[in-house]
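Under numbering that gives the first Met the number 0, the first residue of the sequence shown is numbered 0, with each subsequent residue one higher. Working notes, beginning with the structure itself.
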Amino acid sequence: MDHAARLQRFVDSDLYVVLTEQFCAGRPWVSVAEQALAAGVRIVQLREKGISDLELFRRAKVARQLCDRYETLLIINDRVDIALTCGADGVHLGQDDLPIEQARALAPELLIGASTHDLGEALEAQANGASVLNIGPIFETNTKELPMRSLGPERIAAIAPQLSVPWSVMGGIKDHNIDRVLERGAEHIAVVTAVTAAHDVGMAVERLRSAILAARAR
């Protein structure tokens with residue numbers, strides 16, 4: 000699949016789930032992943048910081064097989080090399096990771112995602128060639144090693160109109176506050192524990208996707 004086809008799949012999606020085993024409520028990450036995919040998730044990011052390169056590669060290969068079964072985009076956090084060797088659809092880069100331009104040179108057909116925390120970072124990442132952006136954290140979250148000040152949903156309306164690439168929002172988004180994000184124009188919602196730590200993963204996915212699709216229809 001080329002870059003354009005992958006980008007269109009991103010645009011056509013709604014819920015984006017980031018998988019980290021420590022946030023899977025004691026369950027194997029692969030079990031949580033399969034439940035989420037079966038419920039309709041079509042973008043998955045594998046984000047593991049504390050495991051060996053070999054273990055990350057093995058998990059990425061398993062994730063690739065799962066995502067192929069459900070025709071789902073697979074994004075690898077941070078690691079362009081792992082993304083390329085496992086056949087992923089993209090890589091997601093933070094502010095301290097490999098520069099976007101270098102990632103693009105290594106992987107011209109992959110989606111290059113970028114984490115951004117304010118308008119300046121978003122515009123810079125866009126100018127540097129990011130395929131897609133993630134804006135956040137919108138609300139307080141406990142899934143980051145170094146906590147960051149939340150933006151609040153109000154900031155979405157100020158940032159989004161200035162972006163020309165697809166974007167998602169992330170950070171503390173749950174059932175009880177997703178409407179505050181959607182009413183400000185967000186169409187792609189990225190979550191971690193709202194799905195991975197849910198007692199019923201499939202039901203959590205269905206509720207979040209229903210909220211997103213209802214907002215799009217309004």
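Even for Gly, the Cβ is constructed at its ideal location relative to N, Cα and C. Computed from a predicted structure; not experimentally measured.
Q.
So, with DSSP's three-state summary, where would you put G25?
A. coil
**Q.** Nearest to I99 (by Cα), restricted to the options E70, A126 and F22
**A.** A126
Q | Neighbourhood of I42 by C-beta, 6 angstroms cutoff - its chain only, sequence neighbours within 5 removed | A | S12, Y15 and L72
Q. What is the C-beta distance between N133 and A189, in whole angstroms, given that I count them as a contact (C-beta under 8 angstroms)?
A. Indeed they touch by this definition, with Cβ atoms about 6 angstroms apart.
Q. Span of the beta strand (DSSP E) holding G135?
A. Per DSSP, G135 belongs to no beta strand (DSSP E) and is neither H nor E.
Q | Helix, strand or coil at Q223 according to DSSP, with G and I counted as helix | A | Because the chain is modelled from 0 through 217, residue 223 falls outside the range shown and cannot be assessed.
Q) Near A87, what residues of its chain come up, given a Cβ to Cβ distance below 6 angstroms and the 5 sequence neighbours on each side ignored? A) Here the set comprises L73 and I75.
Q: Give a single yes or no on whether V168 has its beta carbon closer than 7 angstroms to a heavy atom of the ligand GDP.
A: The ligand GDP is absent from the structure shown, which contains no ligands of any kind.
Q. If G89 sits next to G112, beta carbons under 8 angstroms apart, how far is it from one beta carbon to the other, in whole angstroms?
A. 6 angstroms
(Q) Check whether the stretch 147-160 and the stretch 193-204 are in contact - that is, three or more C-beta pairs closer than 8 angstroms. (A) Output reads no: the stretch 193-204 does not touch the stretch 147-160.
Q | 6 angstroms Cβ shell around V191 - same chain, five flanking residues per side excluded | A | Excluding residues within five positions, the ones whose Cβ falls inside 6 angstroms are V17, F22 and T142.
Q. From which residue to which residue does the alpha helix (DSSP H) around S167 run?
A. Where S167 is concerned, there is no enclosing alpha helix (DSSP H), although the beta strand (DSSP E) it sits in stretches over W166 to M169.
(Q) Is the beta carbon of A203 closer than 8 angstroms to that of D178? (A) no
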